[in-house]
Every structure is written in C-alpha cells, then in structure tokens.
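Undergrad: Numbering (the working numbering), first residue to last: 10 to 349. I am attaching a structure below and will ask some questions about it afterwards.
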Amino acid sequence: MDTVPIIDVRALVDASSSPQARREAAARLGTACRHTGFFYVVGHGVDVGLQSRLETLARDFFARPEAEKQRVRMALGGRAWRGFFPVGGELTSGRPDRKEGLYFGTELPPDDPRVRAGTPLHGPNLFPREPEGLGGAVLEYMAALTSLGHSLMSGIALSLDLEADYFATRYMADPTVLFRIFNYPPGPEVDAEGLPVWGVGEHTDYGVLTILKQDDAGGLQVKTRQDGHTRWVDAPPVENAFVCNIGDMLDRMTRGVYRSTPHRVLNRAGRDRLSLPFFFDPDWTAEVRAIDSPALKDAGADDHAERWDRQSVHAFRGTYGDYLLGKVGKVFPDLRAEVQ
Ligand SMILES: O=C(O)CCC(=O)C(=O)O
Ligand SMILES: [Fe+2]
C-alpha cells in the first residue's frame with residue numbers, strides 16, 4: 010500500500026444512511042487503518058465556507074508582526090497550554106521544528122471544576138484580538154470537527170466488530186480536544202551542517218484520531234511499511250478532503266493492529282504552508298485499555314524498538330492525561346514546570 014486512500018464517509022456522517030452503507034464505509038476505514046494508518050476523508054459534511062473563513066483569518070494572523078503575535082504567547086496561557094509559539098519554539102525528538110503556531114483546546118470557563126482544581130491543559134482559550142472573528146471561527150470549527158470525529162470513530166468501531174458507540178461511551182464522552190494552526194515558513198532544506206530542517210520531524214500522534222486540514226502547498230510525508238521495508242510517501246493536498254491518521258492510543262487499544270503511523274513535514278513550496286491539525290483524543294481521566302474483540306485476535310508485536318521515540322505505547326499505565334503530560338514537557342521544555 011503505497012498511497013494514502015481516499016474514503017467517502019458520507020454514510021457515517023448522514024444519520025439517514027442505511028446500515029449496509031455504514032458497514033461499507035467502515036470496512037474501508039478498517040482496511041486503511043490496518044495498512045497505511047493514514048487516509049483522506051471526503052463527503053465529511055464540514056462547511057466549506059467555515060473552512061475558508063478560518064484559513065483566511067489564520068493567514069492574516071501569521072502575517073502580522075512578531076510583537077503582535079507575542080501578545081498571545083503561550084507563556085500567558087499558563088497551565089491551559091494555549092496561545093502562540095514562534096518558529097523554532099516547538100521541538101520534535103529534541104530538535105526545533107521550522108514552524109510557528111497557535112494552540113487551542115476545549116473552551117472552559119474559569120469556574121469549571123477542572124480549571125479551578127488547576128488541571129493542566131484545561132481552561133479558556135487565548136484568542137488574539139485581531140483579526141476579529143478568529144476566535145469565533147476556531148470555536149465553530151472545533152465543534153464541527155468534534156462531530157466529524159465521533160462519526161469517524163463510529164466507523165472505526167464498526168470496522169472492529171464493535172457497537173458503533175463503543176468509543177463514544179467508553180473513551181470519548183468528554184473527549185480531549187486539541188486544535189492547532191501551524192504556519193511553516195519556507196527556507197533551506199538543510200542547515201549549516203547539512204542536516205535536514207523539518208517543518209515537523211518524524212513522530213506519531215499521541216491520541217486516537219487526528220483530522221488535518223492542509224492548504225495547497227504540500228509537504229506532508231507518511232512512513233509506510235511493506236514486506237519489512239519502510240518507505241516515505243507523500244500525502245499531497247486533495248480538494249476539500251481531510252487527512253486522517255490514527256494515534257498511539259488507538260494503536261494501544263488495538264494491540265498494534267491499527268498502527269499509529271510516523272509522519273513528518275518538509276515545506277518545499279517556496280512559500281508559507283498552513284495546516285490545521287485537530288486531535289480527537291480520549292477523556293482526560295480515561296485509562297486506555299486493549300479492546301477485547303475477535304477482530305483483533307492477530308495482535309501485532311510491541312514495536313517500541315523500531316519506533317521513532319523507542320517508547321512502548323502498550324507498557325504505559327495511567328490515564329490519558331498522564332500520558333499526554335509526559336509528552337508536553339518534551340515538546341515545550343519551557344512549559345514543563347507550568348504543567349507538572
Ligand atoms: O502539518 C502537518 O501536515 C502535520 C502536523 C502534525 O503532524 C502534527 O501536528 O502532529
Ligand atoms: Fe502529527
């Protein structure tokens with residue numbers, strides 16, 4: 010499987026579709042999850058007007074002077090882990106990525122019990138004042154993608170011979186939603202020492218499902234595996250399609266049958282690249298366990314020796330919140346003290 014498949018998920022999104030149509034769409038998702046771990050979705054129903062409004066507002070924000078962007082810097086977001094970080098401010102495997110970004114999450118008021126208790130990564134968003142309307146568009150988009158996330162998870166459940174609401178009831182009644190907007194500026198492909206400068210270095214995502222909107226610049230690459238050989242393939246932009254990939258928690262739940270697939274970004278377009286990953290993850294307090302299903306009888310081996318971070322997603326004990334916090338300090342060393 011050397012390309013990333015395109016899957017029409019209309020039947021999973023549309024409440025009036027037949028059980029047969031749902032099963033067919035689910036089976037396609039299942040095949041993609043077993044092979045590439047990456048797939049495009051079309052027929053997703055997310056309003057095109059909302060998408061382009063958000064994209065225009067995001068471009069407007071990143072084009073502003075650094076000092077203005079710094080008014081919503083992450084240090085001001087505190088434990089909630091929200092706001093702006095400049096180019097080079099985020100690390101992958103200890104090396105700075107060539108990207109800048111805005112971090113958002115579920116909007117919680119200061120009197121929410123979790124916020125009052127000082128739970129890391131919970132709180133209000135840190136929206137820029139300008140351009141006007143960016144915060145509203147982000148909230149609308151997160152709501153639309155949360156709904157799409159539930160539809161896709163119903164398909165993934167069906168693909169594993171589980172009831173459609175398996176994930177919604179056990180793990181994602183109150184999902185951890187992290188939403189980011191990244192801008193990848195252009196620049197030389199290698200540094201002074203001849204080492205590649207990645208937009209994002211090789212990694213897997215932490216949670217269950219990532220739904221990514223990318224602009225037309227391209228540059229996303231996916232590591233595929235066939236007959237024991239690995240190969241990097243492009244996941245180029247596809248008109249009004251989202252790129253989805255499974256994260257470490259689904260890998261863990263399926264005992265490696267649905268693998269979290271490594272990916273990276275290299276912006277070769279000669280201009281800015283905008284991307285908007287939406288991470289649809291388990292409840293903060295959920296303990297993520299292996300699924301008991303005949304569909305998973307041929308479990309994969311623990312692959313930690315081959316993984317980009319040499320970490321096992323299967324050996325970990327604790328809640329999803331614990332898992333995520335262990336990662337935050339690695340990608341934003343300055344924030345470690347803040348969230349732990
Ligand atoms: O920007 C992209 O295309 C991918 C971003 C990504 O992999 C991530 O944020 O986890
Ligand atoms: Fe990623």
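Yeah, the Cβ is synthetic: ideal placement off N, Cα and C, and Gly gets one too.
#1: Between the stretch 217–236 and the stretch 253–268, do at least 3 Cβ pairs fall closer than 8 Å?
#2: Enumerate in chain order the residues of its own chain whose CB-to-CB distance from H131 is below 6 Å, with the five nearest sequence positions on each side excluded.
#3: For the beta strand (DSSP E) containing V231, name the first residue and the last one.
#4: Taking the alpha carbon of D331 as the point to measure from, which residue in P133, P129 and T40 has its own alpha carbon closest?
#5: For Q60, which of helix, strand or coil comes out of DSSP?
#6: Looking only at C-alpha atoms, which of G227, A35 and V18 sits nearest to P194?
#7: Just tell me which of W293, H272, P74 and G58 has its CA closest to the CA of D318.
#8: Please classify V199 as buried or exposed, where buried requires at least 16 other C-beta atoms within 10 Å of its C-beta.
#9: Looking at L161: is its Cβ nearer than 8 Å to the Cβ of Q230?
#10: Can you tell me which residues form a DSSP beta bridge with T185?
#11: Does DSSP classify H159 as helix, strand or coil?
#12: Could you check the C-alpha separation between F70 and P286 for me, to the nearest Å?
#13: Exposed or buried, Q223, counting other C-beta atoms within 10 Å across all chains shown (16 or more means buried)?
#14: Determine the closest residue to R282 out of E139, H53 and V209, with distance taken between C-alpha atoms.
#15: Classify T178 as helix, strand or coil using the three-state DSSP reduction.
#16: Would you say the beta carbon of D224 is closer than 7 Å to some non-hydrogen atom of ligand 1?
#17: Pick from T178, A314, L38 and Q29: whose alpha carbon is nearest that of Y169?
#18: Quick one: is the Cβ of R189 within less than 7 Å of any heavy atom of ligand 1?
#19: Can you tell me where the alpha helix (DSSP H) with Y332 in it begins and where it stops?
#20: Between which residues of its own chain and A173 is the CB-CB distance below 7 Å, once the five residues before and five after are set aside?
#21: Quick check on I190: does DSSP put it in helix, strand or coil?
#22: By DSSP, does Q29 sit in helix, in strand, or in coil?
#23: In terms of DSSP beta bridges, what is T101 paired with?
#24: Does at least one heavy atom of ligand 2 sit under 7 Å from the Cβ of T219?
#25: Given that a residue counts as buried once 16 or more other Cβ atoms are within 10 Å of its Cβ, and exposed if not, what is K339?
TA: On the basis of the supplied data:
#1: yes
#2: L117, R123 and V124
#3: It spans L229 to Q235 - the beta strand (DSSP E) in which V231 sits, taken as one unbroken run.
#4: P129
#5: The answer is helix: DSSP assigns Q60 an H, G or I state.
#6: G227
#7: H272
#8: It counts as exposed.
#9: no
#10: D290
#11: helix
#12: Those two C-alpha atoms are separated by around 17 Å.
#13: Q223 comes out buried.
#14: The shortest Cα separation from R282 among E139, H53 and V209 belongs to V209.
#15: helix
#16: no
#17: Tyr is not the amino acid found at residue 169; the sequence shown has Leu there. Nearest C-alpha to L169: L38.
#18: yes
#19: Y329 to V340
#20: S163, A166 and L167
#21: Strand at I190.
#22: helix
#23: R104.
#24: yes
#25: exposed
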